[in-house]
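What follows is a set of notes on a single structure, which appears directly below.
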Amino acid sequence: MSVVPLSRPVPVTTEPRPTRHLLIGLAVGFVALFLFAPLVTVFAEALRQGWVASVQALASPDARSAIRLTLIVAAITVPLNAVFGIAAAWAITKFDFRGKAFLITLIDLPFSVSPVVAGLALILLVGANSSFGAWLAANDLKIVFAFPGIVLATMFVTFPFVARELIPVMVEQGRAEEEAALTLGASGWRSFFTVTLPNIRWALLYGVLLCNARAMGEFGAVAVVSGKIRGETTTMPIMIEMLYNEYLSVAAFSLAAVLALLALLTLLLKSLLEWRHADLLAATRRH
Amino acid sequence: MNIEIEELAKEFGTERALYPVSISIPSGALIALLGPSGSGKTTLLRILAGLEFPTSGRVLFGGQDATGLSVQERRAGFVFQHYALFKHMTVFENVAYGLRARPRKERPTEAEIARRVNRLLDLIQLPDIGGRYPNQLSGGQRQRVALARALAIEPRMLLLDEPFGALDAKVRKELRQGLREIHDRTGLTTVFVTHDQDEAMEIADLVVFMSKGHIEQMSVMPPAGKARAVPVAPR
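Here the protein sequences come in this chain order: C and X.
Under this note's numbering, think of the first position of the first sequence as 2, with each following residue one higher.
Under this note's numbering, think of the first position of the second sequence as 676, with each following residue one higher.
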């Protein structure tokens with residue numbers, strides 16, 4: 002008896018060659034058209050009159066102030082929302098209490114409400130026409146059309162990102178490891194820092210990056226509460242819109258390119274971290 | 676240390692998980708809580724560990740009322756059904772966790788921690804796996820690591836929730852005797868939950884049959900084939 006050799010090992014999931022090429026072509030074309038092309042256009046437009054014009058546009062006091070404001074707003078809102086998101090996810094997944102379903106819905110609210118509506122709600126709540134707003138004005142506290150309003154609007158819009166990223170991961174992990182830590186004598190805080198936090202760190206990082214991207218890019222809610230005072234309350238997205246409306250397209254696209262670069266930088270950071278910790282990731286994947 | 680369970684009951688909302696039950700567990704005994712799922716056996720075990728609190732009734736450890744003690748104060752070595760090993764830590768760090776969690780003045784030195792962890796890894800007959808992560812271990816090895824981690828805190832009692840539930844039949848049989856031997860060597864009062872009657876009868880001194888939150892029957896097992904017999908008087 003002789004063994005009949007197989008001509009070629011063919012994976013059972015393979016499709017005919019034309020089908021494969023068509024599908025791959027479609028996917029690549031889609032990515033190129035909808036993801037890559039817009040990004041390239043932004044950079045091309047920014048550099049249309051050369052590096053010097055771009056850099057000069059970015060060096061103007063208004064542009065610099067917009068960049069600074071955006072970075073400061075992100076630096077305040079992202080850490081706060083990371084802490085709130087962890088607290089919310091922790092409460093929802095590790096404890097049973099009345100009103101839990103309502104709390105989950107509440108966390109999703111900023112996703113379902115239009116950012117413009119959120120901004121308007123903030124104005125109605127603390128603007129000059131409300132009684133709370135009148136009290137604030139009497140005490141010389143400015144929220145609307147000022148820095149605190151921008152921070153509050155950004156916080157509202159970016160609130161769900163961290164919690165939404167953490168809740169499914171923490172539900173899947175259950176409570177057993179935390180309970181194990183407690184039976185071994187660890188306090189609640191110790192169990193949180195040595196068991197919970199290491200288990201959720203990748204989801205947390207991802208949530209923080211998404212939250213950061215949105216915090217820097219938020220337009221609608223901030224546009225309503227900022228008052229668009231040049232050099233004072235204009236963030237990068239708002240400044241970009243103002244420049245574009247004034248037909249200053251090199252300046253508008255240069256600033257847009259910086260915003261896109263900041264976003265790319267966060268993505269790069271994430272890939273770098275994943276690549277550096279690849280061994281640990283593989284080792285600690287769930288059993 | 677002997678454990679007295681006095682008229683212990685537990686309700687979750689309107690649902691009764693446990694009707695008043697009483698069991699007297701002599702020091703050094705190995706007890707099996709046997710019953711189908713929903714019989715209240717795991718609830719009873721978790722109340723002993725301090726992971727749940729009873730609606731009514733008392734628990735006494737060595738004659739002292741322990742009903743209000745927190746989970747940390749109870750010092751009960753607990754082995755979870757799916758072991759709940761810390762995935763991001765090596766086996767060594769898993770076993771050392773309870774020692775490192777102690778308040779600073781009671782915490783052993785690094786050398787002492789290493790000595791104790793290695794002694795426990797010897798006890799579970801896995802001396803060379805300290806550097807591995809839980810997902811690099813077989814099911815049986817994980818179960819034994821979970822046992823070593825629970826023993827590391829020098830517990831006052833050992834509580835095990837379906838310790839063999841996630842293992843295949845052959846490994847189950849080997850580890851049964853392993854648990855009995857470790858129990859006999861440490862002399863710890865041990866309570867384990869199971870739904871396997873053979874398992875309960877083979878290694879326990881006293882088998883408590885539970886069903887729908889009640890104790891149906893308590894049977895003292897003959898000491899035949901066991902390393903040590905403990906006189907037991909169910910109430």
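In this text, a Cβ means the ideal position worked out from N, Cα and C, and glycines have one as well.
Computed from a predicted model, the values in this text were never measured in an experiment.
Asked                                                                                                                                                                                            : Found
Let me check understanding here. Comparing Cα to Cα, which of PRO701(X), LEU723(X) and ARG733(X) lies closest to GLY862(X)?                                                                      : PRO701(X)
Could you tell me the alpha carbon to alpha carbon distance between ALA102(C) and LYS716(X), rounded to whole angstroms?                                                                         : 30 Å
Does the segment 155 to 162 of chain C come close enough to the segment 135 to 143 of chain C that 3 or more CB-CB pairs lie under 8 Å?                                                          : no
Note down the Cα distance separating ASP843(X) from ASP836(X), rounded to an integer number of angstroms.                                                                                        : 16 Å
Taking the DSSP output, what are the residues bridged to ALA684(X)?                                                                                                                              : SER731(X)
Counting only the same chain and skipping the five closest in sequence on each side, list residues whose C-beta sits under 7 Å from that of ALA261(C).                                           : LEU40 and VAL43
Just the chain X side, please: which residues come within less than 9 Å of PRO169(C) by C-beta, in chain order?                                                                                  : Within 9 Å Cβ-Cβ: nothing; PRO169(C) doesn't reach chain X, min ~17 Å.
Closer than 7 Å, Cβ to any Cβ of chain C: which residues of the segment 762 to 776 of chain X, in chain order?                                                                                   : LYS762, HIS763, TYR772, GLY773 and ALA776
Listed from N- to C-terminal order along the chain, which residues in the segment 821 to 843 of chain X have their beta-carbon within a distance smaller than 9 Å of any beta-carbon of chain C? : ALA821, ARG824, ALA825, ALA827, ILE828, PRO830 and LEU834
Would you check if there are 3 or more beta carbon pairs closer than 8 Å linking the segment 103 to 120 of chain C to the segment 230 to 248 of chain C?                                         : no
For ALA181(C), tell me which candidate among TYR772(X), ASN793(X) and ASP859(X) has the shortest Cα-Cα distance.                                                                                 : TYR772(X)
Which same chain residues end up closer than 7 Å to ARG817(X) when comparing Cβ atoms and leaving out the 5 residues on each side of it in sequence?                                             : TYR758, LEU760 and PRO809
Compare the Cα-Cα distances from GLU874(X) to each of ARG779(X), ARG847(X) and ARG775(X) and report the closest residue.                                                                         : ARG847(X)
Rounded to the nearest angstrom, what separates GLU891(X) and LEU798(X) at their Cα positions?                                                                                                   : 36 Å
Just curious, the alpha helix (DSSP H) that TYR772(X) is in, first and last residue?                                                                                                             : 766 to 775
Grab the span of the beta strand (DSSP E) containing ARG691(X) for me, first residue to last.                                                                                                    : 690 to 700
From the DSSP output, in three-state form, read off GLU247(C) for me.                                                                                                                            : coil
Answer with buried or exposed for PHE753(X), where buried requires no fewer than 16 other C-beta atoms within 10 angstroms of its C-beta.                                                        : buried
Take LYS762(X) and list the residues in its own chain whose beta-carbon comes closer than 6 Å to its own, dropping the five residues that flank it on each side.                                 : PRO809
Is the beta carbon of LYS685(X) closer than 9 Å to that of THR742(X)?                                                                                                                            : no
So is PHE884(X) in contact with chain C if we call contact Cβ pairs under 9 Å?                                                                                                                   : no
Tell me the rounded alpha-carbon separation between THR14(C) and LEU244(C).                                                                                                                      : 53 Å
Based on the DSSP secondary-structure assignment, which residues constitute the bridge partners of ILE890(X)?                                                                                    : MET885(X)
So, are the CB atoms of GLU16(C) and LEU27(C) less than 9 Å apart?                                                                                                                               : no
Please decide whether ARG165(C) counts as near chain X, where near means a Cβ-Cβ distance under 9 Å.                                                                                             : no
Distance, Cα to Cα, MET782(X) vs ARG860(X)?                                                                                                                                                      : Residue identity differs from the one stated: residue 782(X) is Arg in this sequence, not Met. Approximately 25 Å between the Cα atoms of the pair.
For LEU760(X), would you say it is in contact with chain C, using Cβ-to-Cβ distances shorter than 9 Å as the test?                                                                               : yes
What are the residues in the segment 89 to 112 of chain C lying within 8 Å of chain X by C-beta distance?                                                                                        : none
Please report the residue range of the alpha helix (DSSP H) in which LEU835(X) lies.                                                                                                             : Unbroken run through LEU835(X) is the beta strand (DSSP E), 832 to 836; no alpha helix (DSSP H).
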